[in-house]
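Numbering (full-length UniProt numbering), first residue to last: 1 to 607.
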């Protein structure tokens, strides 16, 4: 063992790939079966429990502020009492089985999936002995937020919503807070790298003790671990990129227009999805195998000895039972490939090139186009017009004298420097304030003034915002729209579901949408003409549900080009973006076919 600890980096990397080569049958079958079971059994079961308790609690849905109300209710508490332990166990089982397979693989010993799984199950009571809250937070929060290829099937990743991070990054203090939170999460995630190895290999039940021992091992190998992880994943990425390069070459070389060529292009598209899906099956095992190899090289040899639980069914198994999967490996792998193919066809029924020309894709400029003027000002609206956006998305708030001001923040400090609330000032007082953003300056306008500036040039998506001091917001808004004959020149949206219902009831001629920033939407129960969702909430199933219930779906705030391609590939009806020119450029390129987009493949792999 002493020589192992002194092994150079290149030898560690070689050992990692030798271990993967030795254990690929067990790894492949376990990951494939676990992902299929999770997608088709675990996730639907969790969804069923959640929605059942939601209905028992009298909630039509659980989005935005209603989600918080549900969480603090007795049914919400019961829901967390059931689902948090269940999710923690399911994620732990996936990682612990991989650690066990990797541990034996490095010793060139085989362990069947059933023994490995049963051994993993035997550790579950340890999770509930000491520090369950710590284990749950690590597996359900810390790990998904910063998963570097090590995400679980049940919860592969978590994102800080853009409406939070985007707003924080607009101010200096917000940027510092965001960076500070990210730094703390990164620090603990690194210190806790070997947490699961502590419980699986060393049998450490206490979360606190496991965290200390993980940090102690890591102090010996910060640089080496980084170099090894980076090298291993670079090699893996190179292989994937080479595969994609060959596929793209074949795809481009095939002539267009001929029936046989089009069929061949479709086969290539679907084939690469399946190939990449199979490759993705090894991302988590590569990560776990790498960490296990580093752990074995740095841990105390007396502690790094995995023992089978005494008297357990595993310890009494005959050696033949351990070879079950090895003996029938070829048959099981063939069966696994069939499952993979079937899964790919079920989850990605429309894997093909993106063709936005088949549907209208709407681009909305978020708060106007802030590259041309301060947000929500006449200059920003003109910028959206110049960019040829379909809509300018704006925000309105009611003033002290009952008028409608076009502004986003209820507090004026960020844009004007004055620490006052919108409802504390009249419209005339608001006009006197200078709005500053970047190197632009402007003034606050009324909704009527913005409508006149936009009429005949661009449509408006008007978000009705509340600050708790409204006089007669809905009626004032509807009167303003009707007085200016603007019903067909705008759509309306709100984060407040009550406002959405009031608007639709009082003005059925308006197209009214509900904005969602959190929760689990039930579109069948949602009474709104369209829905607007934060980026992290949108996936293939949500898009399919929106189409099934004839509710246009818009995504906000999409500023990354790859994400624009991703959402267009998924078939959303439009996006709200700070970069309307970039979004329109993506739409045109995809329509003309000048760019081959593989983001729908990545969409599939992200599920």
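Every residue gets a Cβ at the ideal spot worked out from N, C-alpha and C, and that includes glycine.
The model shown is predicted, which means the values in this text are computed figures rather than measured ones.
#### Entry: residue 168 and residue 178 closer than 8 Å at C-beta
Numbered from 1 along the chain shown, position 168 holds the residue referred to as residue 168. Numbered from 1 along the chain shown, position 178 holds the residue referred to as residue 178. Yes.
### Query
Which residues does DSSP pair with residue 556 in a beta bridge?
The residue you call residue 556 lines up with position 556 of the chain shown. Paired residues: 534.
#### Entry: Whether residue 609 touches residue 554 by CB criterion (8 Å)
This structure cannot speak to residue 609, because the chain is shown only from 1 to 607.
### Query
Hey, how far is the Cα of residue 58 from the Cα of residue 521?
The residue labelled residue 58 in the question sits at position 58 within the chain shown. The residue labelled residue 521 in the question sits at position 521 within the chain shown. Going by C-alpha positions, residue 58 is about 15 Å away from residue 521.
### Query
When you compare each of 437, 389, 494, 209 to residue 580 by their alpha carbons, which one comes out closest?
In the chain shown, the residue the question calls residue 580 occupies position 580. For residue 580, the closest of 437, 389, 494, 209 by C-alpha to C-alpha distance is 389.
### Query
Looking only at its own chain, which residues have a Cβ that is under 6 Å from the Cβ of residue 420, when we skip the five neighbours before and after it?
As a first step, residue 420 is located in the chain shown; it is residue number 420 there, counting from the start. 412.
### Three-state secondary structure assigned by DSSP to residue 513
Counting from one through the chain shown, the residue named residue 513 turns up at place 513. Note: residue 513 maps to strand in three-state DSSP.
#### Entry: Contacts around residue 609, its chain only, beta-carbon distance under 7 Å, and the 5 residues preceding and following it disregarded
A question about residue 609 goes unanswered here, because the residues of the chain that appear run from 1 up to 607.
### Query
I think residue 578 touches residue 363, with their Cβ atoms under 8 Å apart; what is that distance to the nearest whole Å?
Numbered from its first residue, the chain shown carries residue 578 at position 578. Numbered from its first residue, the chain shown carries residue 363 at position 363. The pair is not a contact, with the Cβ atoms about 11 Å apart (cut-off 8 Å).
#### Entry: For residue 153, three-class secondary structure by DSSP
For the purposes of this step, residue 153 is taken as residue 153 along the chain shown, with counting starting at 1. Coil at residue 153, not helix or strand.
### Query
Which runs of the beta strand (DSSP E) spanning at least 3 residues fall entirely within the region 46-130, listed in chain order?
List check, beta strand (DSSP E) in window: nothing returned.
### Task
Measure the CB-CB distance between residue 196 and residue 96 and report whether it falls below 8 Å.
Walking along the chain shown from the start, residue 196 turns up at place 196. Walking along the chain shown from the start, residue 96 turns up at place 96. Cβ distance < 8 Å, so residue 196 and residue 96 count as in contact.
### Query
Looking only at DSSP bridge pairs, what is residue 525 linked to?
The residue given as residue 525 occupies position 525 in the chain shown. Answer is none; residue 525 lacks a bridge partner.
### Message
Once DSSP output is grouped into helix, strand and coil, what is the label at residue 38?
### Response
Residue mapping note: residue 38 aligns to position 38 of the chain shown, counting from 1. Correct three-state label for residue 38: helix.
### Message
Let's see if you can read the secondary structure: which residues bound the alpha helix (DSSP H) around residue 414?
### Response
Indexing the chain shown from 1 puts residue 414 at position 414. From DSSP, the alpha helix (DSSP H) with residue 414 extends over 413-416.
### Task
Could you say if the region 291-298 and the region 8-25 meet the contact criterion of at least three C-beta pairs nearer than 8 Å?
Enough Cβ pairs lie closer than 8 Å, so yes.
### Message
Beta-carbon within less than 6 Å of residue 453's beta-carbon, same chain only, minus the 5 sequence neighbours each way: which residues are those?
### Response
By 1-based counting over the chain shown, the position of residue 453 is 453. Within its own chain, the residues whose Cβ lies closer than 6 Å to the Cβ of residue 453, once the five positions on either side in sequence are excluded, are 378, 381, listed in chain order.
### Message
So, under 8 Å CB-CB, residue 655 and residue 46 are touching, yes? Tell me the CB distance rounded to an integer number of Å.
### Response
The requested residue 655 does not occur in the structure, where the chain is confined to residues 1 to 607.
### residue 228 versus 512, 243, 8, 451, residue with shortest Cα-Cα distance
Taking the chain shown and counting its residues from 1, one reaches residue 228 at position 228. Ranked by Cα distance from residue 228, the options 512, 243, 8, 451 are led by 8.
### Sequence-distant residues of the same chain with beta carbon closer than 7 Å to residue 448, five excluded per side
The residue you call residue 448 lines up with position 448 of the chain shown. Around residue 448: 480, 484.
### Task
Tell me where the alpha helix (DSSP H) around residue 201 begins and ends.
Counting from 1 along the chain shown, the entry for residue 201 is found at position 201. Run containing residue 201: none; DSSP gives neither H nor E here.
### Task
Can you grab the Cα-Cα spacing for the pair residue 112 / residue 24, in whole Å?
By 1-based counting over the chain shown, the position of residue 112 is 112. By 1-based counting over the chain shown, the position of residue 24 is 24. Going by the C-alpha atoms only, they are around 12 Å apart.
### Task
Assuming residue 511 contacts residue 491 (C-beta within less than 8 Å), just tell me the rounded distance between them.
Taking the chain shown and counting its residues from 1, one reaches residue 511 at position 511. Taking the chain shown and counting its residues from 1, one reaches residue 491 at position 491. Sure, about 4 Å apart at Cβ, within 8 Å.
#### Entry: residue 391, DSSP secondary structure in three states
Position 391 of the chain shown, counted from the first residue, corresponds to residue 391. Strand, per DSSP.
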